[in-house]
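In my numbering, the protein residues as written are 3 to 173. See structure below.
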């Protein structure tokens, strides 16, 4: 995927690339959480539930409520950057996220999946990213337009957010 200046540290392209990757990581992280092997908190909770053992969180007071809140936080998928993607339509968001996700999945030769293969696997990308289950039939040219427009809107929203932050800091 062409993302101008994504390797130029300090540029808007670099910052936007970092932010979109952090946001995508937050969307896919819980489904990739230690392969449910009991290594992470989510895995431990799943292992406990699978074994049928009901843990007793001792300590009295508000300890059960604290544990419930901690478990709820494990399922929260929020990078803190979601507001930057609000100007994008759902399909633009899906196509942009799928393109960036695919970019990180290069083959042994270092080549990212083609747009055609991304379009062919759009339903699986949507599922992995936590998008609603829908029937995805998309032409490659349409996918490219969604990615281009989505990227443009995202970078514009980031620029506005940076300007607003600079104005707030100047006050």
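Glycine included, every Cβ here is placed at the ideal spot set by N, Cα and C. Keep in mind the model is a prediction, meaning the values are calculated, not measured.
Can the beta-carbon of residue i be found closer than 8 Å to that of residue j?
i	j	result
residue 83	residue 24	yes
residue 17	residue 86	no
residue 15	residue 5	yes
residue 117	residue 142	yes
If I measure Cβ to Cβ from residue i and keep anything under 6 Å in the same chain, skipping five residues before and after, which residues do I get?
i	result
residue 105	3 and 114
residue 120	100 and 104
residue 93	148
residue 131	29 and 99
Go ahead and label residue i buried or exposed: buried means 16 or more other beta carbons lie within 10 angstroms of its beta carbon, across all protein chains shown.
i	result
residue 31	exposed
residue 128	buried
residue 90	buried
residue 157	buried
residue 20	exposed
residue 95	buried
residue 111	exposed
residue 136	exposed
residue 37	Because residue 37 carries a pLDDT of 44, less than 50, the predicted location of this residue cannot be relied on, and the following value inherits that uncertainty. With fewer than 16 Cβ atoms within 10 Å of its Cβ, residue 37 is classed as exposed.
Would you mind reading off the limits of the alpha helix (DSSP H) that contains residue i?
i	result
residue 158	142-172
residue 97	92-105
residue 124	124-131
residue 18	14-30
Looking only at its own chain, which residues have a Cβ that is under 7 Å from the Cβ of residue i, when we skip the five neighbours before and after it?
i	result
residue 97	145, 148, 149 and 152
Take residue i and list the residues in its own chain whose beta-carbon comes closer than 8 Å to its own, dropping the five residues that flank it on each side.
i	result
residue 107	114 and 115
residue 10	16
residue 33	Note that residue 33 scores 46 on pLDDT, short of 50, meaning its location in the model is unreliable and no value can be drawn from it.
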